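This report concerns only the one structure given below.
Printed below as a string of structure tokens:
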């Protein structure tokens, strides 16, 4: 089944191109009461397909909202054009049913004969299944997913799928179980129109479980849909990247056990999960990675940096000390490795003003003290250059800074004091 939402705008008459009239109060009351006889009598006096509420709801929207099953069935049969009508929020009648938790026999029949409603999105990009999950309407969600399982993976305008929302809502009323238990393969998106490419992009339900530090839901997802552990998020990378960046140790442990290849993938910035663990300074996370990765020196990011480059640049003393305690042959290659700019970890620590990192690296006899980077600067020369720049700025070489400083000094002088 193609992962393309059907646009039904062409099937309905735009409100600004027709002489719409507001539903009168008596007719509205008859709909609320499901008073079919009085409704029939009064509605025949109007062009019913043109009657709307102030927010654009048709008579059928209103009937479904109030669970008026008799009037719903009557309108669907006598005025089928209302089936494709939308209100001002671009909600179809199925969006309303999903929000109200209404899944009457009439609604089931409408869905069975108008399957396009299942994939139609409103102004927020939500399908009816999104709406059912958001509102915790389990019966409606279960019905909708049974009719079109792939919709569970459709993204709204914020990149959230119904599966993601079910996790984010803490598996409210067990809706996540229903979504996961449906036998549906994950739809693949076309990259170039010719061949099937990556798995669906966007916010993965696994990312939602990590964000909420919910190991129970992670286990539930892995048991029902292990392929979800491979989904990527454009911003956060794969689930192991995200767990590493958030410092979620239990999540990293779980993912390394269940999907070890995730450790060998890079995110859009070219970092491996182990780089993100070191960027956050977590010794506990690095320990977990080293249990399954005995060669951390082989992981180089897009900038040519190893884990010690990252730790030194971000001033993580405890992590640096832990790295320096590892196997000597590995540590020696980490200590003196150069990135794409020719910088060693000591260069980066100096350049970014990380005194603790500088101290730990300088005192290690395995560190080469005088390597030059691509600009021909040793760590010492780079430090001296940084110090010179700082002094020049303080002394007012930068004209703007000097004026601001002079203005500040004049405002702070004590009256009567000679300068």
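Residue numbers (full-length UniProt numbering): 1 to 419. Beta carbons: idealized from backbone N, C-alpha and C, even for Gly. It should be emphasised that the depicted structure is a prediction, and the values quoted were computed from it without experimental measurement.
Check	Outcome
Do residue 111 and residue 65 have their CB atoms nearer than 9 Å?	no
Measure the Cβ-Cβ separation of residue 134 and residue 182 and say whether it is below 9 Å.	no
Alpha carbon to alpha carbon, how far is residue 232 from residue 222?	15 Å
If I measure Cβ to Cβ from residue 343 and keep anything under 6 Å in the same chain, skipping five residues before and after, which residues do I get?	373
Note down, in chain order, each residue of its chain lying with its Cβ closer than 8 Å to the Cβ of residue 106, except the 5 sequence neighbours on either side.	69, 72, 73, 76
With distance defined between alpha-carbon atoms, name the residue in 253, 214, 387, 220 nearest to residue 178.	220
Going along the chain, which unbroken runs of the alpha helix (DSSP H) with 4 or more residues stay wholly within the UniProt repeat "ANK" (124-156)?	128-134, 138-147
In whole angstroms, what separates the C-alpha of residue 156 from that of residue 164?	11 Å
Work out the CA separation of residue 319 and residue 376 for me, nearest whole Å.	29 Å
In the DSSP assignment, the alpha helix (DSSP H) including residue 110 goes from what residue to what residue?	105-113
When DSSP labels each residue in this structure, what does residue 281 get in the three-state scheme?	coil
Taking C-alpha atoms, which residue in 142, 241, 20 lies nearest to residue 269?	241
From what residue to what residue does the alpha helix (DSSP H) around residue 362 run?	355-362
Can you list, in chain order, the residues of its chain whose CB lies under 7 Å from that of residue 13, leaving out five sequence neighbours each side?	Summary for residue 13: the model assigns pLDDT 40, below 50, so the residue's position carries little reliability, and this model does not support an answer.
Just tell me which of 360, 371, 350 has its CA closest to the CA of residue 383.	350
From the DSSP output, in three-state form, read off residue 264 for me.	helix
Compute the Euclidean distance between the alpha carbons of residue 20 and residue 87, then round it to the nearest angstrom.	12 Å
With a 10 Å radius around its C-beta and 16 neighbouring C-beta atoms as the bar for buried, classify residue 45 as buried or exposed.	exposed
Can you give me the start and stop residues for the alpha helix (DSSP H) that residue 211 sits inside?	205-211
Near residue 378, which residues of its chain fall below 7 Å by C-beta distance, leaving aside the five closest residues on each side in sequence?	370, 371, 372
Where residue 310 and residue 284 are concerned, what is the direct C-alpha to C-alpha distance, given to the nearest angstrom?	16 Å
Mind checking which residues open and close the alpha helix (DSSP H) that includes residue 169?	Here residue 169 belongs to no alpha helix (DSSP H), and DSSP marks it neither H nor E.
From residue 326 to residue 213, what distance separates their C-alpha atoms?	30 Å
Give the straight-line distance between the Cα atoms of residue 366 and residue 238, rounded to the nearest whole angstrom.	35 Å
Would you kindly work out how many angstroms separate the C-alpha atoms of residue 381 and residue 387, rounded to a whole number?	10 Å
Do you know offhand how far residue 59's Cα is from residue 137's?	23 Å
What residue does the alpha helix (DSSP H) around residue 73 start on, and which one ends it?	69-78
List the DSSP bridge partners of residue 366.	The partner list for residue 366 (beta bridge, DSSP) is empty, contrary to what the question assumes.
Tell me the residue span of the alpha helix (DSSP H) that contains residue 122.	Here residue 122 belongs to no alpha helix (DSSP H), and DSSP marks it neither H nor E.
Tell me the rounded alpha-carbon separation between residue 253 and residue 306.	22 Å
Check whether the Cβ atoms of residue 122 and residue 91 sit closer than 9 Å, and answer yes or no.	yes
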